[in-house]
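Worksheet: the structure to be examined is printed underneath.
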């Protein structure tokens, strides 16, 4: 197994030209419902997602309590590509707009046992700079 310092030293420095080329050739995932609704492939994918939600019983339709407002939902779309660049799958997920929740009204406590990606990057950069080992 290679030491992370070897990988760090062997990495080519990326310049602005590399980013420009990446930006030119990067695929763009759809953002809005209006963009995907005309494509039958996306309609099928969304129907499958709704079926999975129903089968897993992850939500239940109920009456909204008085003086409460419902949170909205949003579709998030991704095109998963094969290694040769062809489309493997149209992925979508229906997410709730949780950022509209109010502390003390919609929830009482915050719990997120997830390490932020910035922390992971910071630790790995320290590992590379100091020649430490990661287990």
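Residue numbers (the UniProt record's numbering): 1 to 135.
Glycine included, every Cβ here is placed at the ideal spot set by N, Cα and C.
Cβ-Cβ separation, residue j to residue i (assumed contact under 8 Å), whole Å
i	j	result
residue 77	residue 28	With 8 Å as the limit, residue 77 and residue 28 do not qualify as a contact, their Cβ atoms being about 10 Å apart.
residue 97	residue 71	5 Å
residue 93	residue 87	Contact doesn't hold; Cβ gap of about 17 Å is too wide.
residue 128	residue 5	6 Å
Where residue i sits in the DSSP three-state scheme
i	result
residue 135	coil
residue 50	helix
residue 64	coil
residue 78	strand
residue 87	strand
Bridge-paired residues (DSSP) for residue i
i	result
residue 96	73
Candidates the options, of which the one nearest residue i by Cα
i	options	result
residue 45	5, 89, 68, 58	89
residue 31	115, 74, 121, 108	74
residue 58	112, 108, 67, 95	95
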